[in-house]
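Which chain is which? The protein sequence lines are A and B, in order.
The numbering of the first sequence is the numbering used here, which starts it at 38 and goes up by one.
The numbering of the second sequence is the numbering used here, which starts it at 38 and goes up by one.
Glycine included, every Cβ here is placed at the ideal spot set by N, Cα and C.
This one's a predicted model, so the numbers in the text were calculated from it and none came from an experiment.
A short worksheet on the structure shown next.
2 protein chains.
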Amino acid sequence: MPNPTAAMLVIGDEILSGRTRDANMYYLAGELGKRGITLKEVRVVSDDRTAIIEAVNALRATYDTVITSGGIGPTHDDITAEAIAAAFGVPIGIRDDARALLAAHYARTGTEFNDARQRMARIPDGATLIDNPISVAPGFTLENVHVMAGVPNIFQAMVASVIPTLTGGQPLLSQTLRINRGEGEIAGPLTALAEDYPDLSIGSYPFIRDGAYGSNIVIRGVDAGQIDAAITRLAAHFPGDTA
Amino acid sequence: MPNPTAAMLVIGDEILSGRTRDANMYYLAGELGKRGITLKEVRVVSDDRTAIIEAVNALRATYDTVITSGGIGPTHDDITAEAIAAAFGVPIGIRDDARALLAAHYARTGTEFNDARQRMARIPDGATLIDNPISVAPGFTLENVHVMAGVPNIFQAMVASVIPTLTGGQPLLSQTLRINRGEGEIAGPLTALAEDYPDLSIGSYPFIRDGAYGSNIVIRGVDAGQIDAAITRLAAHFPGDTA
């Protein structure tokens, strides 16, 4: 049985404007891989209601799980919860349990629980909350869509809550062989290897170091023995040129 | 007139598998911004023919310009050129000018111009070549789609060739105001500011530093005077708490 699939939807202008270099995509990809879930697609859209609705509807229909990041804070550009509700065609309003969590947090810290902060208790009908151990304002899960904060440490905490609830697959294993040859010399043996090991995914990532061409060959799969055998066979083609 | 729009399509398993943290998206976003072109969407798909075709067709119909990265090398997993040809419904074959460039390069470096390397001369009919000053194998442009290598220094060189050929807009300017208050206290003034300056894009990026909440407010637009005025007005709300 193939591993379950996932997609990520990154919501917000900070990556599209070049202000921020992505961190959440990289983190999530690693965590899903450990759980045996294959990340098949990522989309990044701006804080635009129509763009969010179209993307989430396309992704949730195609993949087993969708994880979104960003746009669930208290400010005017935080429109993710409203857009997700619209995508599912369900109402959204301030929910008592989310409101209570936030009220208790702000009472503890002596901070005013103002209108803007109350917006963070707006949750689409039928959703379950995702715990936020850092700043309390919850994410939520609606069917196969998990809506999380974009701030990296909060995103990571929410991923840690949700991943164990997902149906996992066989963890993806990988080995890398560095070959001090350009891709053009490796391509022939690689093609033969890919044909003989149809269950393995074989990727080639060229690099240039000190003016010389080289390639990192990454072999991924769920069977450690197969990966070992493929790496050994490939290395035998290039004696003295591997690391 | 609104600025021209662009989308990026990242092709390859290395980001989806968590092996590599993106660099090209971040670079392209910055270069497009300087040229006054708004990056509206990014998609990341795996080395899968159907996924590439669907994504490129969706993006080229929606945005003024599409830039792809990855999958144009000599190995079995390099299927971008074939998929782009299929997306446009045009034939693809080895093209004489691309073949001549590569043949001269390999003759100069004393490297065999083997079958795998000849694959890099396969270009869809009707495309124009994009110069590769680093490893010669060209990218190509077909209508509004620009197909580039994924290796970061080659990608950057190809972006540098293509950007001056695109219709630009007014360069996007931005200023950041750091406010040592949580987003919940800034949200009210920000909403009012966004209403009074509909031409500016106002983003709020919360952070936690030494246990205290803060927010970076980024104001973007094409009119430096408007941005200055908005920053000044916002700072006046939080005397002593800005940087």
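Have a look at residue i and residue j and give me their C-alpha separation to the nearest angstrom.
i	j	result
B:Ser83	A:Ala44	12 Å
B:Ile191	A:Arg132	51 Å
A:Ala164	A:Gln263	42 Å
B:Gly258	B:Asp265	10 Å
B:Ile239	A:Leu203	36 Å
B:Ala66	A:Leu53	6 Å
B:Pro243	B:Gly126	46 Å
B:Arg95	B:Leu237	Checking the displayed sequence, the identity of residue 95 of chain B turns out to be Ala instead of Arg. Distance between the alpha carbons of B:Ala95 and B:Leu237: 28 Å.
A:Thr279	A:Ile48	41 Å
A:Ser241	A:Glu232	15 Å
B:Thr213	A:Glu220	43 Å
B:Asp85	B:Lys77	23 Å
B:Asp260	B:Ser211	10 Å
B:Pro235	B:Ala229	10 Å
B:Arg270	A:Glu180	43 Å
A:Ile245	B:Arg58	18 Å
B:Asn151	A:Gly251	17 Å
B:Ser198	B:Asp247	44 Å
B:Ala137	B:Thr102	29 Å
Check the Cβ of residue i against every Cβ in chain A and list those closer than 8 Å, keeping chain order.
i	result
B:Ala158	Here the premise fails: no neighbours, minimum Cβ distance about 12 Å.
What residues from chain B crowd round residue i, counting only those whose CB sits closer than 7 Å?
i	result
A:Ile243	Note on identity: in this sequence residue 243 of chain A is Pro, with Ile being the wrong assignment. By Cβ distance, chain B contributes Gly110 and Val188.
A:Val81	Glu78 and Val79
Going along chain A, which residues have a C-beta under 9 Å from residue i?
i	result
B:Asp114	Leu227, Ala231, Ser238, Ile239, Gly240 and Ser241
B:Arg154	Gly219, Glu220, Gly221, Glu222 and Ala224
Relative to the C-alpha of residue i, which candidate in the options has its C-alpha closest?
i	options	result
A:Ile216	A:Pro276, A:Val196, A:Thr148 and A:Thr87	A:Pro276
B:Val79	B:Met62, B:Pro111 and B:Thr87	B:Met62
B:Pro175	B:Glu220, B:His142, B:Gly205 and B:Glu149	B:His142
B:Glu149	A:Arg218, A:Ala273, A:Asn253 and A:Gly206	A:Arg218
A:Ile40	A:Gln193, A:Gly205 and A:His274	The identity of residue 40 of chain A in the sequence shown is Asn, whereas the question assumes Ile. Cα-wise, what sits closest to A:Asn40 is A:Gly205.
A:His183	A:Arg145, A:Asp50, A:Asp247 and A:Ser106	A:Ser106
B:Ala249	A:Ala249, A:Thr146 and A:Ser252	A:Thr146
A:Ala288	A:Tyr64, A:Glu51, A:Arg56 and A:Thr57	The structure shown has nothing for residue 288 of chain A, since chain A only spans 38 to 280.
A:Arg156	A:Ile74, A:Arg270 and A:Asp115	A:Asp115
A:Arg56	B:Ser252, B:Ala272, B:Gly70 and B:Arg246	B:Gly70
B:Val81	B:Leu46, B:Thr75 and B:Glu51	B:Leu46
B:Ala298	B:Thr87, B:Thr102, B:Ala137 and B:Ala144	Only positions 38 to 280 of chain B appear in the structure, and residue 298 of chain B is not among them; the question remains open.
B:Glu288	A:Ala273, A:Glu51 and A:Thr75	Because chain B spans 38 through 280 in this model, residue 288 of chain B falls outside it and cannot be assessed.
Less than 8 Å between the C-beta atoms of residue i and residue j, yes or no?
i	j	result
A:Ala60	A:Pro170	no
B:Pro208	B:Asp162	no
B:Leu139	B:Ala124	no
A:Ala135	A:Ile160	yes
B:Ile200	B:Arg72	yes
B:Ile104	B:Thr117	no
B:Ile256	A:Thr112	no
B:Glu68	B:Val173	no
B:Ile167	B:Ala120	no
B:Ile254	B:Leu227	yes
A:Tyr100	A:Thr178	no
A:Gly225	B:Ala153	yes
Below 7 Å on C-beta distance, what does residue i contact in chain A?
i	result
B:Arg56	Val255
B:Gly70	Ser54 and Gly55
Using a cut-off of 9 Å between C-beta atoms, extract the partners of residue i located in chain B.
i	result
A:Asn169	Within chain B, no residue comes near A:Asn169; the closest Cβ sits about 12 Å away, beyond 9 Å.
A:Asn151	Gly221, Glu222, Ala224 and Gly225
Residues of chain B with CB under 8 Å from residue i, in chain order?
i	result
A:Ile52	Met62, Tyr63, Ala66 and Val79
A:Gln59	One detail in the question is off: residue 59 of chain A reads as Asp in this sequence, not Gln. Under the 8 Å cutoff, chain B gives Arg58, Asp59, Met62 and Tyr63.
Unbroken stretches of the alpha helix (DSSP H), 4 residues or longer, contained in the stretch 214 to 265 of chain A: The stretch 214 to 265 of chain A is shown to contain whole alpha helix (DSSP H) runs of 4 or more residues at 220 to 233, in chain order.
Continuous beta strand (DSSP E) assignments of at least 3 residues falling wholly in the stretch 110 to 146 of chain A: Complete beta strand (DSSP E) runs here, min 3: 129 to 131.
Sequence ranges, alpha helix (DSSP H) only - wholly within the stretch 53 to 112 of chain A, length at least 4: With a minimum length of 4 residues, the continuous alpha helix (DSSP H) runs that stay inside the stretch 53 to 112 of chain A are 61 to 71 and 86 to 99.
Length at least 3, wholly inside the stretch 142 to 209 of chain B: the beta strand (DSSP E) runs in chain order: Entirely contained in the stretch 142 to 209 of chain B, the beta strand (DSSP E) runs reaching 3 residues are, in chain order, 159 to 161, 165 to 167, 176 to 179 and 182 to 185.
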